[in-house]
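Student:
Residue numbers (our numbering): 307 to 654.
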């Protein structure tokens with residue numbers, strides 16, 4: 307009707323054309339005249355007019371303020387508890403929370419530690435220094451970095467829930483599996499790596515402890531030997547060692563060993579696994595293929611790790627290290643707060 311009217315077709319002719327095309331399903335003559343008159347009076351939209359509907363009696367300024375007050379007093383209060391306290395409907399409380407206050411209920415975020423103002427400031431300042439170093443050294447910065455960290459590897463660690471997912475038809479039901487716990491047997495693994503891949507993996511022998519003497523011995527002995535073998539020329543470029551603040555790493559004996567090697571030590575703020583490449587990048591991926599498998603000896607663990615190492619491209623390690631810059635900048639933007647949701651695993 308609107309199209310024909312805009313073309314200048316007379317109302318009576320519009321009625322005839324509609325009846326010719328749609329037959330009994332065509333609008334009545336009175337309906338056509340009604341709409342043509344509305345078009346002539348200036349109406350352009352074909353949508354229904356807005357209707358106010360039944361006025362809300364519960365969602366008003368007073369109840370919005372009351373709901374906000376209850377939520378601010380107890381962040382864990384439920385919708386039903388609010389509805390019961392204010393004698394309004396569940397749907398009204400839900401509408402106030404989401405549509406008027408813009409609130410939603412979220413779970414707590416696990417973090418390694420509740421950081422104080424001084425610790426957040428330390429993280430912010432340190433990240434600023436590291437960003438400046440990366441700019442100053444350019445591409446050479448990434449070629450010089452060697453990062454290191456330790457982790458426990460159990461002889462058996464159950465697969466995650468996501469790893470047990472299977473494709474099933476609706477009538478088949480979900481798969482089932484018995485609950486199991488990590489084994490008591492485990493080995494401490496120290497991994498040194500850079501943008502090209504793994505340099506050295508050291509497995510702590512039973513009865514030994516990683517202390518300053520042991521760790522500094524790794525730096526001066528096996529690590530230096532592997533660098534000469536796998537990374538010719540890297541020692542002459544004075545490696546940048548990136549490590550966390552575990553006691554063996556920060557002990558005087560270790561600092562002296564790093565100085566003797568003429569390496570540089572990158573600053574790392576305490577309680578910052580979100581800024582440690584092994585924690586946020588390497589270990590989660592390395593342990594995925596180990597989950598759900600039972601190892602009867604240390605050699606079997608070594609073989610499994612070796613298979614993963616050989617099958618992992620260099621780009622994986624390069625990408626993991628280069629993520630540091632974006633993480634440093636994000637930490638600065640968050641004024642030293644943790645940059646992501648982190649969980650503390652028992653096996654790490």
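In this text, a Cβ means the ideal position worked out from N, Cα and C, and glycines have one as well.
Buried or exposed: residue 318, going by 16 or more other Cβ atoms within 10 Å of its Cβ?
Tutor: By one-based count along the chain shown, residue 318 stands at place 12. Its Cβ having fewer than 16 others within 10 Å, residue 318 is exposed.
Student: Starting from residue 424, trace the alpha helix (DSSP H) both ways and give me its first and last residue.
Tutor: In the chain shown, counting from the first residue as 1, residue 424 sits at position 118. It spans 423-443 - the alpha helix (DSSP H) in which residue 424 sits, taken as one unbroken run.
Student: How big is the Cα-Cα spacing for residue 510 and residue 517?
Tutor: Taking the first residue of the chain shown as position 1, residue 510 is located at position 204. Taking the first residue of the chain shown as position 1, residue 517 is located at position 211. Answer to the nearest angstrom: the Cα atoms are 11 angstroms apart.
Student: Is residue 504 a contact residue of the ligand ZN, with contact defined as CB to any heavy atom under 7 angstroms?
Tutor: Annotation note on the ligand ZN: not contained in the displayed structure, which lists no ligands.
Student: In this structure, how does DSSP classify residue 460 when only helix, strand and coil are distinguished?
Tutor: Here the question's residue 460 lines up with position 154 in the chain shown. Strand, per DSSP.
Student: Identify whether residue 453 lies in helix, strand or coil by the three-state DSSP scheme.
Tutor: Within the chain shown, numbered from 1, the residue matching residue 453 stands at position 147. Of the three classes helix, strand and coil, the one that applies to residue 453 here is strand, per DSSP.
Student: Taking 8 angstroms as the cut-off, decide whether the C-beta atoms of residue 392 and residue 497 are in contact.
Tutor: Stepping through the chain shown from its first residue, residue 392 is reached at position 86. Stepping through the chain shown from its first residue, residue 497 is reached at position 191. For residue 392 and residue 497, no; Cβs fall outside 8 angstroms.
Student: Once you ignore the five residues that flank residue 406 on each side, which residues in its own chain have a CB closer than 6 angstroms to its CB?
Tutor: For the purposes of this step, residue 406 is taken as the residue at position 100 of the chain shown. Counting only Cβ-Cβ distances below 6 angstroms, and skipping sequence neighbours, we find 370.
Student: Quick check: the Cα distance between residue 592 and residue 423, rounded to an integer number of angstroms?
Tutor: Within the chain shown, residue 592 is the residue found at index 286, counting from 1. Within the chain shown, residue 423 is the residue found at index 117, counting from 1. Approximately 34 angstroms, taken between the alpha carbons.
Student: Closer than 8 angstroms by C-beta to residue 544: which residues in its own chain qualify, once you throw out the five before and the five after it? Chain order, please.
Tutor: Within the chain shown, the letter at position 238 stands for residue 544. These residues qualify, in order along the chain: 450, 568, 569, 570.
Student: Starting from the Cα of residue 448, find the closest Cα among 459, 436, 458 and give me that residue.
Tutor: As a first step, residue 448 must be located in the chain shown, where it is residue number 142. Checking every option, the nearest Cα to that of residue 448 belongs to 436.
Student: Starting from residue 548, trace the beta strand (DSSP E) in both directions and tell me its first and last residue.
Tutor: Here residue 548 corresponds to residue number 242 of the chain shown, with the count starting at 1. 546-548 is the span of the beta strand (DSSP E), which, as asked, contains residue 548.
Student: Please report the distance separating the alpha-carbon of residue 706 from that of residue 322.
Tutor: No information on residue 706 is available, as it lies outside the stretch 307 to 654 that the chain covers here.
Student: Leaving out the 5 sequence neighbours to the left and right, which residues in its chain are closer than 7 angstroms to residue 604 when beta-carbon positions are compared?
Tutor: As a position in the chain shown, residue 604 is number 298, starting the count at 1. 493, 509, listed in sequence order.
Student: Alpha carbon to alpha carbon, what distance is there between residue 631 and residue 562?
Tutor: Here the question's residue 562 lines up with position 256 in the chain shown. Here the question's residue 631 lines up with position 325 in the chain shown. So the alpha carbons of these two residues sit roughly 28 angstroms apart.
Student: Closest to residue 428 by CA distance: which of 645, 330, 602, 573 is it?
Tutor: Here residue 428 corresponds to residue number 122 of the chain shown, with the count starting at 1. Among 645, 330, 602, 573, the Cα nearest to that of residue 428 belongs to 573.
Student: Return the chain-ordered list of same chain residues with a C-beta closer than 7 angstroms to the C-beta of residue 524, the five sequence neighbours on each side being excluded.
Tutor: In the chain shown, residue 524 corresponds to position 218, counting from 1. Hits under 7 angstroms: 496, 508.
Student: Would you list, in sequence order, the uninterrupted alpha helix (DSSP H) runs of no fewer than 4 residues that lie entirely inside the region 561-597?
Tutor: Counting whole runs of 4 or more residues, the region 561-597 contains the alpha helix (DSSP H) stretches 589-593.
Student: Can you name, in chain order, every residue of its own chain whose Cβ lies under 8 angstroms from the Cβ of residue 635, other than the five neighbours on each side?
Tutor: On the chain shown, residue 635 is found 329 positions in, with the first residue counted as 1. For residue 635, where only same-chain residues beyond five positions count, the Cβ hits under 8 angstroms are 433, 437.
Student: Could you give the DSSP three-state label for residue 378: helix, strand or coil?
Tutor: Position 72 of the chain shown, counting from 1, holds the residue named residue 378. The answer is helix: DSSP assigns residue 378 an H, G or I state.
Student: Pick helix, strand or coil for residue 492, following the three-state DSSP scheme.
Tutor: Walking along the chain shown from the start, residue 492 turns up at place 186. In the structure shown, residue 492 sits in a strand (DSSP, three-state: E or B).
Student: If I measure Cβ to Cβ from residue 649 and keep anything under 7 angstroms in the same chain, skipping five residues before and after, which residues do I get?
Tutor: Residue mapping note: residue 649 aligns to position 343 of the chain shown, counting from 1. Note that residue 649 scores a pLDDT of 39, beneath 50, so its modelled location is shaky and nothing firm can be said.
Student: Any chance the region 472-481 sits against the region 603-622, with 3 or more Cβ pairs inside 8 angstroms?
Tutor: No: fewer than three Cβ pairs fall under 8 angstroms.
Student: Is the Cβ-Cβ distance between residue 453 and residue 538 less than 8 angstroms?
Tutor: Working through the chain shown from its first residue, we reach residue 453 at position 147. Working through the chain shown from its first residue, we reach residue 538 at position 232. No, they are not a contact pair.
Student: First and last residue of the beta strand (DSSP E) that includes residue 506?
Tutor: One-based indexing of the chain shown puts residue 506 at position 200. Segment 503-509, the beta strand (DSSP E) holding residue 506.
Student: Measuring alpha carbon to alpha carbon, tell me which of 505, 576, 625 ends up nearest residue 430.
Tutor: Stepping through the chain shown from its first residue, residue 430 is reached at position 124. The residue with the shortest Cα to Cα distance from residue 430 is 576.
Student: In this structure, how does DSSP classify residue 473 when only helix, strand and coil are distinguished?
Tutor: To locate residue 473, count along the chain shown from 1; it is residue 167. DSSP places residue 473 in coil when its eight states are reduced to three.
Student: If you measure between the beta carbons of residue 536 and residue 505, is that distance less than 8 angstroms?
Tutor: Along the chain shown, one-based indexing puts residue 536 at 230. Along the chain shown, one-based indexing puts residue 505 at 199. Yes, Cβ-Cβ distance for residue 536 and residue 505 is below 8 angstroms.
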